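Before any comments, here is the structure.
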Amino acid sequence: MARRDFSASRIPGFATVAVLVFAALYLPIMMLVIYSFNSGDSIAIWEGFSFKWYPVAWNNEQVREVTFRSLTIATVASVIATTVATMAALGTTRRRGTKGQTFIYVMINQPLMVPEIVTAVALLIFFASIKVATGYQGLGYLITAHAAFCIPFAYLPIRARLEGMDRTLEIAAADLYATPWQAFRHVTLPLLMPGIAAGLMLAFVTSLDDVVITLFVKSAGQDTLPTYMLAQIRRSVSAEVNAISTLLLLLTVILLTAFFLLTRKRD
Amino acid sequence: MSAREDGQARRDARNTWLLSAPALFILTFAAAGPLLIMLVYSFLTPGDYGNVVWKFSTDAWVGTVLSKDIFDGTYSLADAHLTIFWRSVKLSLITTFFTFIVGFPTAWIIATRSPRMRTALLFLITIPFWTNLLIRTFAINQIIRNEGLLNTFLLYLGVIDEPLLIIYSDFAVFLGMTYVYLPLMVLPLFAAIDRFDMRLIEAAYDLYASRWQVLRRVILPIVRPGIVAGSILVFIPALGAYVTPRILGGGRNMMIGNFIELQFGQGRNWPLGAALSVLLLVIVAVALVFYVRITSRESSNG
Chain A
345 MARRDFSASR IPGFATVAVL VFAALYLPIM MLVIYSFNSG DSIAIWEGFS
395 FKWYPVAWNN EQVREVTFRS LTIATVASVI ATTVATMAAL GTTRRRGTKG
445 QTFIYVMINQ PLMVPEIVTA VALLIFFASI KVATGYQGLG YLITAHAAFC
495 IPFAYLPIRA RLEGMDRTLE IAAADLYATP WQAFRHVTLP LLMPGIAAGL
545 MLAFVTSLDD VVITLFVKSA GQDTLPTYML AQIRRSVSAE VNAISTLLLL
595 LTVILLTAFF LLTRKRD
Chain X
3 MSAREDGQAR RDARNTWLLS APALFILTFA AAGPLLIMLV YSFLTPGDYG
53 NVVWKFSTDA WVGTVLSKDI FDGTYSLADA HLTIFWRSVK LSLITTFFTF
103 IVGFPTAWII ATRSPRMRTA LLFLITIPFW TNLLIRTFAI NQIIRNEGLL
153 NTFLLYLGVI DEPLLIIYSD FAVFLGMTYV YLPLMVLPLF AAIDRFDMRL
203 IEAAYDLYAS RWQVLRRVIL PIVRPGIVAG SILVFIPALG AYVTPRILGG
253 GRNMMIGNFI ELQFGQGRNW PLGAALSVLL LVIVAVALVF YVRITSRESS
303 NG
């Protein structure tokens, strides 16, 4: 009750460090955003406000191509990941501990534990032999790889939602002679929807942000927005990259805000 | 157990596996399974133009720490490799330590705010966490590069006459990793502190404990699982970092991740790359086992 006013919780210096941490977290990102509106080409010398880098980025054929590819992969991969994660969450929550449950947890969370570079190398090796064997070079590899590492991100919010859900409505539906499928379709699924939407968003953002696995799995000419940006940063830096970054940042903040609202516990 | 309950249990088990099957299939095909193939590849012979020749060899594993003299065939320690390992471990440890030093006060402050303020501050920590790692590293790059903001500003003020050469150094990589992995430390620390009963501090003060004693003897032992979790969450990605050392460390200050990539590019030594990846995985597994043992001991004591 009185914890906020209690002097012991104010340890000297802590507030200063916290303020500095928040400042340090946001200052670089804010500078990046501010300089996307610089009318000059420099990322350090301010030459006046201008929107010109946004049209420059938009009119860049390559930027449009890689953005479209990124969005395609993220959409397909996150839908696949969320679908299978929803099924897995339904299978692993709210029932008696089954033998092998730990195995399923470990498998689902495995992409969170293995360093990305290791997964990337393993996929490069595996897909290289499939590419040779089948001759298929398409986006399928990237989509499959993305779907796999997005599964835990989709699974966790869905599972959290399921565990917090009231069972009485489903039992009531069963009492009223709803078949298991009807009960699922008309009771469980609508209640679960916020969790599914949240999972889909996290999966989408995760896929959209990926650099390392994409870099190793992609075939020639399959750059995504992040791998394209990585190459640009290495070459020369122009405020064009700042403009693209700002737009991506905006997209992330919008999706995150939606996620926060969806998963917020009602008081 | 009655026959009916038994049947229910069996149906539950079958449904668990049936419903999890698609997820498990994708994960086996595109995450876990390839790891085993990678292990096999680490015991093969490199092909002339990349890929492998299917001939058993332990050269890759020997090559992770030793280098063979091409003239007389003697082995010596591969200094270049060891330097890279040492840099990776050193930078990851320093990063973990430093994120804790600044992350702990931050998490503490968040946990002791009013519920409304807490939600807002947590959201502020979460945004950078979900922001593209590449963008965040790039933001740091823009600040510390030679013609970047920091140098331009200091030159303008006349504090320095020549740009500070921060970028493309170990320090730059440390700075970048601390920046990008900080939220991973703050979030578990917050979760641990949030569960902490503040009355314990009151009790300690009543018993004439000093501030330092309260911190050391009361707070730190109780939030230890959070410290361990945060350290693991920072250390593992830091050790396998690829993007940050590439953008801030340049070509000379490689970490294991960049060295692994090199084996699949110019290095044309896939087995060595595979062996290094397996090695990295083993280090991570050891860290995770360490984590599980500490946290399970913690919960059995509590």
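Chains as they are written, first to last, in our numbering: chain A, 345 to 611; chain X, 3 to 304. All residues carry an ideal CB built from backbone N, CA and C; glycine is no exception. Treat the numbers as computed from the prediction; the structure is a model and nothing was measured.
If we define contact as Cβ-Cβ less than 8 Å, is residue i a contact residue for chain X?
{"i": "A:E507", "result": "no"}
{"i": "A:Q417", "result": "The question names Gln, yet the displayed sequence has Ile at residue 417 of chain A. No, its Cβ sits nowhere closer than 8 Å to a Cβ of chain X."}
{"i": "A:T478", "result": "no"}
{"i": "A:M457", "result": "yes"}
{"i": "A:A352", "result": "Annotation note: pLDDT 49 at A:A352 (below 50); position unreliable, coordinate value reported separately. By this cut-off, A:A352 is an interface position."}
{"i": "A:K475", "result": "no"}
{"i": "A:K562", "result": "no"}
{"i": "A:D519", "result": "no"}
{"i": "A:L434", "result": "yes"}
{"i": "A:P570", "result": "yes"}
{"i": "A:F412", "result": "no"}
{"i": "A:R348", "result": "Reliability of the predicted coordinates at A:R348 is poor, the pLDDT of 39 falling under 50, and no value is obtained from them."}
{"i": "A:K443", "result": "yes"}
Excluding sequence positions up to five away, which residues of its chain have a Cβ less than 6 Å from the Cβ of residue i?
{"i": "A:M375", "result": "none"}
{"i": "A:A509", "result": "Contrary to the premise, residue 509 of chain A reads as Met rather than Ala in this sequence. Once the five neighbours on either side are set aside, the close Cβ partners of A:M509 are L535."}
{"i": "A:A418", "result": "F548, S551 and L552"}
{"i": "A:P524", "result": "none"}
{"i": "A:F493", "result": "P455"}
{"i": "A:L483", "result": "none"}
{"i": "X:I162", "result": "L156"}
I'd like to know whether the C-beta of residue i is nearer than 8 Å to at least one C-beta of chain A.
{"i": "X:V175", "result": "no"}
{"i": "X:E164", "result": "no"}
{"i": "X:A32", "result": "yes"}
{"i": "X:N271", "result": "no"}
{"i": "X:P227", "result": "no"}
{"i": "X:G160", "result": "no"}
{"i": "X:W110", "result": "yes"}
{"i": "X:G304", "result": "At X:G304, the pLDDT of 43 sits below 50, so the modelled position is not reliable and the matter cannot be decided from this model."}
{"i": "X:Q215", "result": "no"}
{"i": "X:T18", "result": "yes"}
Given that residue i touches chain A, what residues does it touch there, using C-beta distances under 8 Å?
{"i": "X:Y43", "result": "I469"}
{"i": "X:I72", "result": "Near X:I72 there are no residues of chain A at all, since even the closest Cβ is about 26 Å away, more than 8 Å."}
{"i": "X:S279", "result": "I461, V462, V465 and A466"}
Name the chain A residues whose beta carbon is nearer than 9 Å to that of residue i?
{"i": "X:M256", "result": "Under the 9 Å cutoff, chain A gives no residues; its nearest Cβ is about 12 Å from X:M256."}
{"i": "X:P130", "result": "L369, Y370 and I373"}
{"i": "X:V91", "result": "The contacting residues do not exist; X:V91 stays about 14 Å from chain A at best."}
{"i": "X:A122", "result": "Here the premise fails: no neighbours, minimum Cβ distance about 11 Å."}
Examine the ligand FMN and report whether any of its heavy atoms sits within less than 7 Å of the Cβ of residue i.
{"i": "X:F192", "result": "As presented, the structure is devoid of all ligands, the ligand FMN included, so that no description of it is given."}
Which residues of chain A have a Cβ atom closer than 7 Å to the Cβ of residue i, listed in chain order?
{"i": "X:M40", "result": "V465, A466 and I469"}
{"i": "X:R239", "result": "This sequence places Pro at residue 239 of chain X; Arg is not what is there. Result: P459."}
Within the same chain, show all residues whose beta-carbon is closer than 8 Å to that of residue i, passing over the 5 residues directly before and after it, in chain order.
{"i": "A:Q445", "result": "T436"}
{"i": "X:G251", "result": "Y170, S171, D172, A174, V175, M257 and N260"}
{"i": "X:I224", "result": "A194, F198 and L202"}
{"i": "A:R511", "result": "R438"}
{"i": "A:P538", "result": "R505, L606 and T607"}
Going along chain X in order, which residues have a C-beta closer than 7 Å to the C-beta of residue i?
{"i": "A:F366", "result": "L126"}
{"i": "A:S589", "result": "I137 and F140"}
{"i": "A:V420", "result": "By Cβ distance, chain X contributes nothing, its closest Cβ being about 13 Å from A:V420, past 7 Å."}
{"i": "A:A388", "result": "E149, G150, L151 and T154"}
{"i": "A:Q454", "result": "L29, A33 and A34"}
Tell me which same chain residues have a C-beta within less than 7 Å of the C-beta of residue i, skipping the five on either side of it?
{"i": "X:T180", "result": "T97, F100 and T101"}
{"i": "X:T246", "result": "T139, V175, G178, M179 and V182"}
{"i": "A:M545", "result": "L599, A602 and F603"}
{"i": "A:W397", "result": "S380, A583, E584, N586 and A587"}
{"i": "A:W390", "result": "N382"}
Identify every residue that forms a DSSP beta bridge with residue i.
{"i": "X:S78", "result": "X:S69"}
{"i": "X:V54", "result": "X:P48"}
{"i": "A:N382", "result": "A:F393"}
Cβ closer than 9 Å: which chain X residues qualify as neighbours of residue i?
{"i": "A:M451", "result": "S22, A25, L26, L29, T30, A33 and A34"}
{"i": "A:D553", "result": "W132, T133, N134, L135, L136 and I137"}
In chain X, which residues lie less than 8 Å from residue i when you measure between Cβ atoms?
{"i": "A:M537", "result": "Going along chain X, no residue has its Cβ under 8 Å from A:M537, so there is no contact; the nearest lies around 18 Å."}
message: Taking contact to mean 3 or more Cβ pairs, one atom from each stretch, closer than 8 Å, check whether the stretch 48-61 of chain X and the stretch 487-507 of chain A are in contact.
response: Too few Cβ pairs lie closer than 8 Å, so no.
task: Kindly confirm or deny that the stretch 257-268 of chain X and the stretch 81-90 of chain X touch, where touching means at least three C-beta pairs closer than 8 Å.
output: Yes, the stretch 257-268 of chain X is in contact with the stretch 81-90 of chain X.
message: For the stretch 155-175 of chain X against the stretch 579-597 of chain A, do three or more pairs of beta-carbon atoms, one drawn from each stretch, fall closer than 8 Å, so that the two count as touching?
response: As far as the Cβ criterion goes, the stretch 155-175 of chain X does not touch the stretch 579-597 of chain A, which means the pair count is below three.
message: Does the contact criterion of 3 or more C-beta pairs under 8 Å hold for the stretch 199-218 of chain X versus the stretch 151-160 of chain X?
response: As far as the Cβ criterion goes, the stretch 199-218 of chain X does not touch the stretch 151-160 of chain X, which means the pair count is below three.
message: Between the stretch 36-48 of chain X and the stretch 457-476 of chain A, can you find at least three pairs of beta-carbon atoms closer than 8 Å?
response: Under the three-pair Cβ rule at 8 Å, the stretch 457-476 of chain A counts as touching the stretch 36-48 of chain X.
query: Are there three or more Cβ pairs, one per stretch, closer than 8 Å when the stretch 493-506 of chain A is compared with the stretch 70-77 of chain X?
result: Judged by Cβ distances under 8 Å, the stretch 493-506 of chain A makes no contact with the stretch 70-77 of chain X, as fewer than three pairs qualify.
query: Would you call the stretch 101-113 of chain X and the stretch 192-207 of chain X touching, i.e. three or more CB-CB distances under 8 Å?
result: Taking 8 Å as the limit for Cβ pairs, the verdict is that the stretch 192-207 of chain X does touch the stretch 101-113 of chain X.
- request: Evaluate contact between the stretch 561-581 of chain A and the stretch 448-457 of chain A, counting only Cβ atoms and requiring at least three cross-stretch pairs below 8 Å.
  value: Short answer: they don't touch.
query: Using 8 Å as the Cβ pair cut-off and three pairs as the minimum, do the stretch 18-29 of chain X and the stretch 427-436 of chain A touch?
result: The stretch 18-29 of chain X, when compared against the stretch 427-436 of chain A, does touch it at the 8 Å Cβ threshold.
Validate contact between the stretch 183-192 of chain X and the stretch 400-412 of chain A using beta carbons, cut 8 Å, 3 pairs: Here the stretch 183-192 of chain X does not lie against the stretch 400-412 of chain A, with fewer than 3 beta-carbon pairs under 8 Å apart.
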